[in-house]
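Novice: Provided herewith is a single structure, encoded as structure tokens, for subsequent inquiry.
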Amino acid sequence: MAHFVLPNSGHNYDPESSKLGMWLFLFTEILLFGGLFIVYFVYRTINSDAFLRASYELNITMGTINTIILITSSMTVAMAITALQKGKEKFAINLLWITLLFAIAFLINKYFEWSIKIEHGIFPGMEHYNGLETGQKLYFFLYYFMTGLHALHIIVGAIFIGFVIKGIQEGNVTADRISLLENSGLYWHLVDLIWIYLFPLFYLIN
Amino acid sequence: MSESLSTDLNFFQVKKGIISWLFSLDHKRIGLMYLYAIISFFLVGVTLGLLMRLELIAPGETIMKAKTYNQTFTLHGVIMIFLFIIPSIPAIFGNFFLPIMLGTDDVALPKLNLLSWWLYVIGALFALSTLVFGDGPADTGWTFYAPYSVQTNTNVTMSVMAAFILGFSSILTGLNFIVTIHRLRAPGMGWFQMPLFAWSLYATSWIQLLATPIIGITLLMIVAERAFGVGLFDPAIGGDPILYQHLFWIYSHPAVYIMALPAMGIISEIIPTFAKRSIFGYKAIAYSSMAIAFVGYFVWGHHMFTSGMSGSARIIFSVLTFMVAIPTAIKVFNWVATMYKGSIDLQPPMLYAMAFIFQFMIGGLTGLVLAALAADIHLHDTYFVVGHFHYVMFGGTGFAMFGGMHYWFPKIWGRMYNIKIAKFAFALLVLGFNMLYFPMLILGLMGMPRRYYDYLPQFTDLNVLSTVGSWILAIGLITMLVNLINGMRKGAPAGRNPWGSISLEWQTKSPPPLENFDKQPELNEGGPYNYKN
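As you go down the protein sequences, you meet chains W and C in turn.
If you're matching positions, the first sequence starts at 6 in the working numbering and goes up one per residue.
If you're matching positions, the second sequence starts at -3 in the working numbering and goes up one per residue.
See below:
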């Protein structure tokens, strides 16, 4: 039996590794949405009038509320990280719960936004939608596709935050082993950032 | 945790039972599971290829109908590209040897590595499920070009989802390797003391990471278009099929380098070992890997010279494509220069490496013919493309992978295969390979289009020659695999370092213990290839 220590073991706790991994993963997420942004850009250029007319259907107030919700939730996540770094575990957990509430509020708002449109018959396959001109169809489809994919990311991010809360309660995520929280925070900021681009592209440009 | 190492047992013996394999975090076990799965899919792909060649032995319908033929070549492409050649070298040898070559005990994110493996399994199940469910496998070609892919009744959705999931497996493997190379190099191993295989994996990983998401989202759009009938890509309902082609090739051209770069890495390991010489131009090879990865991003348009692009765009893409040849040629020069005045030992891995250089050069130079705008108008969608592609992918990457299998075999299993039979199998493979694919280059120049189950009678002779070549190739493959399996089970013990190499993986026992090393790995002074002559 030989005894020696590999200094660079892959099984050591290495926050730098997981953080680097997370950043790389965030690149791939940006590129994933990047493909959609290219498609959006191309069809917006081809059908600029139709995109504009279709965008009037969106409710800027609801979009703005969701933007504020997300930006605030990004702040609460960032605060949770600082709180845990200072050893205030209770406070960090509360802040994460608030983040989760914001996530749920965002999704509820989104649900109402979508259902109003679907009530008006604006969804692929519905009568009103089928009567629209091509550019408007594309606009609404991209709207559902991109905000839907984004909402999926909100759900995934929320699940991660749920795991972090559990981890803090069980003592697995602490000030010294904070990378799970930090990485969830990074992910959450990315989800926020993507919305910051989706919001003007669909709601504001005129 | 590696505080006390139980190095008496090797990694096969530490735990037993199928569960201890399926959920193992050990990079060596994960690498071997990939090996078994990937070789199995390779054999399925080979069988489909043999059936296609059999169909093409004579004009007209020989053994299958047109639609079946279309499905066969699509499934052949999907399996060979997504299940075999993209994961092959990184997932098998990268997983197994990258950590050992860096002098560490695992990849940086072992759990993520297991997740990659499971995503691969799920993706593979999706791909195979098209055989059983729905209206049969897709008949679109592996490129899933719109609008046909959104109109056909065959099971495109499942095939596309398979490619999507396999893409994520590939992304996570690449991510893991980048982090591993950044964080887990042995103390004292700087970037330029890394083995070149690690450099090639590093370049490959960046491509996997930065190109794959685009195909992921594009394929999801195909699924959405099929589900909701919205014209994202189908021109009849307002979409732009050229946009699909752009998005597809933005990934799929860099993916060619995902396939080729790790192969070049293996060659850079084999040649110094068997020439017993320091590699010529270490930095040039390392940088050229990164250069290929970088320039490889900007050449995707050369797949679309005939599908509607502005003249200036075509010229730019053509010039960029020619530029990729420069770093590739640098590598070839360096390998040849390494062999020059070396004491070359013609063991099977070296033979495969030399066949790689020869065949890869034919593949590369025919690529330049296709990159020339005027020539491409004539050759686009002919058998010339099929021949070119298989020379690069099979004659290049496939042979490099076989070379890697023969090179690292004694390390993985601690036993040696029969060298004579290995050389015999190699001879069959080279003969069969060139007989199978060289006629395709000529057929393409004569104007035979690809992707048809039928052809004009004047193409018959060369097609017969090609089909006979496919049989020789198949016999060679069987000989090689039987020889390896026999060596695995009852070959003579190989010892730590049968080839006399000086890179780190040869310092440990064969097979390695769970923690990879039974004594502190010692870095060779003057880099991983500092042989004494």
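Here a beta-carbon is modelled for each residue, glycine too, at the ideal position from N, C-alpha and C.
1. Pairing CB atoms from the region 262 to 282 of chain C with CB atoms from the region 390 to 407 of chain C, are three or more of them under 8 Å?
2. Count the other CB atoms, across all protein chains shown, that sit within 10 Å of the CB of residue 153/W; report buried if there are 16 or more and exposed otherwise.
3. Rank 97/W, 52/W, 19/W and 105/W by C-alpha distance to the C-alpha of residue 75/W and give the top, closest one.
4. Closer than 9 Å, Cβ to Cβ, to anything on chain C: give me those residues from the region 29 to 56 of chain W, in chain order.
5. Considering only their Cβ atoms, is the gap separating residue 382/C from residue 436/C smaller than 8 Å?
6. Could you give the first and the last residue of the continuous alpha helix (DSSP H) run that contains residue 336/C?
7. Around the C-beta of residue 9/C, are 16 or more other C-beta atoms found within 10 angstroms, so that it is buried, or is it exposed?
8. Rounded to whole angstroms, what's the CA-CA distance from residue 138/W to residue 55/W? Just pull it up for me.
9. Give me, in chain order, the residues of the same chain whose beta-carbon lies closer than 6 Å to that of residue 78/W; leave out the 5 immediate sequence neighbours on both sides.
10. Terminal residues of the continuous alpha helix (DSSP H) containing residue 521/C?
11. Compute the distance between the beta-carbons of residue 279/C and residue 338/C, then report whether it is under 8 Å.
12. Could you tell me whether the region 215 to 229 of chain C touches the region 284 to 296 of chain C, using the rule of 3 or more Cβ pairs below 8 Å?
13. Taking contact to mean 3 or more Cβ pairs, one atom from each stretch, closer than 8 Å, check whether the region 115 to 125 of chain C and the region 160 to 168 of chain C are in contact.
14. Looking at residue 503/C: is its Cβ nearer than 8 Å to the Cβ of residue 517/C?
15. Hey, residue 38/C and residue 80/C are a contact pair by Cβ (cut 8 Å); roughly how many whole angstroms apart?
16. Less than 8 Å between C-beta atoms, sequence neighbours within five positions excluded: which residues of the same chain meet that for residue 128/W?
17. Determine, for residue 100/C, whether the minimum Cβ-Cβ distance to residues of chain W falls below 8 Å.
18. Are the CB atoms of residue 130/C and residue 238/C nearer to each other than 8 Å?
19. Any chance the region 24 to 42 of chain C sits against the region 104 to 118 of chain C, with 3 or more Cβ pairs inside 8 Å?
20. Provide the residue span of the alpha helix (DSSP H) that contains residue 503/C, from first to last.
21. What are the start and end residues of each continuous alpha helix (DSSP H) run of 4 or more residues lying completely inside the region 31 to 85 of chain W, in chain order?
22. Contact between the region 241 to 254 of chain C and the region 172 to 189 of chain C is defined here as three or more beta-carbon pairs at a separation below 8 Å; is this criterion met?
23. Measure the CB-CB distance between residue 391/C and residue 356/C and report whether it falls below 8 Å.
24. So that I know if they touch, is there some Cβ in chain W lying closer than 8 Å to that of residue 181/C?
25. At the 8 Å Cβ level, is residue 16/W part of the contact set with chain C, yes or no?
26. Give every residue of the same chain whose Cβ lies closer than 6 Å to the Cβ of residue 199/C, excluding the five residues on either side of it in the sequence, and list them in chain order.
27. Against chain C, does residue 6/W count as a neighbour if the rule is that its beta carbon must be under 8 Å from one of theirs?
28. Counting along the chain, where does the alpha helix (DSSP H) carrying residue 378/C start and finish?
29. Helix, strand or coil, according to DSSP, for residue 172/W in the structure here?
30. Using only alpha-carbon positions, find the residue among 110/C, 88/C and 64/C that is nearest to residue 134/C.
31. Under 7 Å Cβ-Cβ, which residues of chain C neighbour residue 22/W?
32. In chain C, what lies closer than 8 Å to residue 101/W by C-beta?
33. Just mark residue 334/C as buried or exposed, buried being the case when its beta carbon has 16 or more other beta carbons within 10 Å.
34. Along chain W, in chain order, which residues have C-beta atoms closer than 9 Å to that of residue 338/C?
35. Inspect the beta-carbon positions of residue 143/W and residue 48/W and report whether they are closer than 8 Å.
36. Could you tell me whether the region 178 to 188 of chain W touches the region 85 to 92 of chain W, where touching means 3 or more Cβ pairs closer than 8 Å?
Specialist: Taking the geometry as given:
1. The region 262 to 282 of chain C is in contact with the region 390 to 407 of chain C.
2. Start at 1 with the first residue of the first sequence, and residue 153/W comes out as number 148. Classified as exposed, residue 153/W has fewer than 16 neighbouring CB atoms from the shown chains inside 10 Å of its CB.
3. In the first sequence, the residue the question calls residue 75/W occupies position 70. Ranking the options by Cα distance to residue 75/W, first place goes to 105/W.
4. Cβ contacts with chain C: 29, 30, 32, 33, 34, 35, 36, 37, 38, 39, 40, 41, 43, 44, 47, 48, 51 and 52.
5. Looking up residue 436/C in the second sequence gives position 440. Looking up residue 382/C in the second sequence gives position 386. With contacts defined by Cβ atoms closer than 8 Å, residue 436/C and residue 382/C form a contacting pair.
6. If you number the second sequence from 1, residue 336/C lands on position 340. Here residue 336/C belongs to no alpha helix (DSSP H), and DSSP marks it neither H nor E.
7. Within the second sequence, numbered from 1, the residue matching residue 9/C stands at position 13. A residue is called buried once 16 or more other Cβ atoms fall within 10 Å of its Cβ, and residue 9/C, having fewer, is exposed.
8. Numbered from its first residue, the first sequence carries residue 138/W at position 133. Numbered from its first residue, the first sequence carries residue 55/W at position 50. The alpha-carbon of residue 138/W is positioned some 7 Å away from that of residue 55/W.
9. As a working note, residue 78/W is residue 73 in the first sequence. 104 and 107, listed in sequence order.
10. If you number the second sequence from 1, residue 521/C lands on position 525. Where residue 521/C is concerned, there is no enclosing alpha helix (DSSP H), given that its DSSP letter is neither H nor E.
11. Taking the second sequence and counting its residues from 1, the one referred to as residue 279/C is at position 283. Taking the second sequence and counting its residues from 1, the one referred to as residue 338/C is at position 342. No, they are not a contact pair.
12. Counting Cβ pairs under 8 Å, fewer than three are found: no touch.
13. Three or more pairs of CB atoms, one per stretch, sit closer than 8 Å, so the region 115 to 125 of chain C contacts the region 160 to 168 of chain C.
14. As a working note, residue 503/C is residue 507 in the second sequence. As a working note, residue 517/C is residue 521 in the second sequence. Against a cut-off of 8 Å, the Cβ pair of residue 517/C and residue 503/C comes out as a contact.
15. Counting from 1 along the second sequence, the entry for residue 38/C is found at position 42. Counting from 1 along the second sequence, the entry for residue 80/C is found at position 84. Contact flag correct, Cβ pair sits at about 5 Å.
16. Position 123 of the first sequence holds residue 128/W. For residue 128/W, where only same-chain residues beyond five positions count, the Cβ hits under 8 Å are 122, 134, 145 and 149.
17. Residue numbering aside, residue 100/C sits at position 104 when the second sequence is read from its first letter. Yes, its Cβ sits closer than 8 Å to a Cβ of chain W.
18. Taking the second sequence and counting its residues from 1, the one referred to as residue 130/C is at position 134. Taking the second sequence and counting its residues from 1, the one referred to as residue 238/C is at position 242. No; because the gap between Cβ atoms is not below 8 Å, this pair is not in contact.
19. Taking a contact to require three or more Cβ pairs closer than 8 Å, the region 24 to 42 of chain C and the region 104 to 118 of chain C qualify as touching.
20. By 1-based counting over the second sequence, the position of residue 503/C is 507. Boundaries cannot be given for residue 503/C, as no alpha helix (DSSP H) includes it and DSSP labels it neither H nor E.
21. Those alpha helix (DSSP H) runs which fall completely within the region 31 to 85 of chain W and span 4+ residues are 53 to 60.
22. These segments do not touch.
23. By one-based count along the second sequence, residue 391/C stands at place 395. By one-based count along the second sequence, residue 356/C stands at place 360. The answer is yes: Cβ separation under 8 Å.
24. By 1-based counting over the second sequence, the position of residue 181/C is 185. Yes, contact with chain W.
25. The residue you call residue 16/W lines up with position 11 of the first sequence. At a cut-off of 8 Å, the C-beta of residue 16/W has a neighbouring C-beta in chain C.
26. On the second sequence, residue 199/C is found 203 positions in, with the first residue counted as 1. Answer for residue 199/C: 257, 285, 286 and 289, listed in chain order.
27. Residue 6/W sits at position 1 when you count from the first residue of the first sequence. With a pLDDT of only 38 at residue 6/W, under 50, the local geometry of the prediction cannot be trusted, and the value read off the model is given with reservation. It does: the Cβ of residue 6/W has a partner Cβ on chain C nearer than 8 Å.
28. By one-based count along the second sequence, residue 378/C stands at place 382. Going by DSSP, residue 378/C is part of no alpha helix (DSSP H) at all; its letter is neither H nor E.
29. Along the first sequence, read from residue 1 onward, the residue named residue 172/W stands at position 167. Residue 172/W falls in the helix class under three-state DSSP.
30. One-based indexing of the second sequence puts residue 134/C at position 138. Minimum Cα distance to residue 134/C is reached at 64/C.
31. Here residue 22/W is taken as the residue at index 17 of the first sequence, counted from 1. What residue 22/W touches in chain C: 104, 105, 175 and 179.
32. Against the first sequence, residue 101/W aligns to sequence position 96. Within chain C, no residue comes near residue 101/W; the closest Cβ sits about 23 Å away, beyond 8 Å.
33. Position 338 of the second sequence, counted from the first residue, corresponds to residue 334/C. By the 10 Å Cβ count, residue 334/C comes out buried.
34. Here the question's residue 338/C lines up with position 342 in the second sequence. What residue 338/C touches in chain W: nothing, since even the nearest Cβ is about 33 Å away.
35. Along the first sequence, one-based indexing puts residue 143/W at 138. Along the first sequence, one-based indexing puts residue 48/W at 43. Contact: yes.
36. Yes: at least three Cβ pairs fall under 8 Å.
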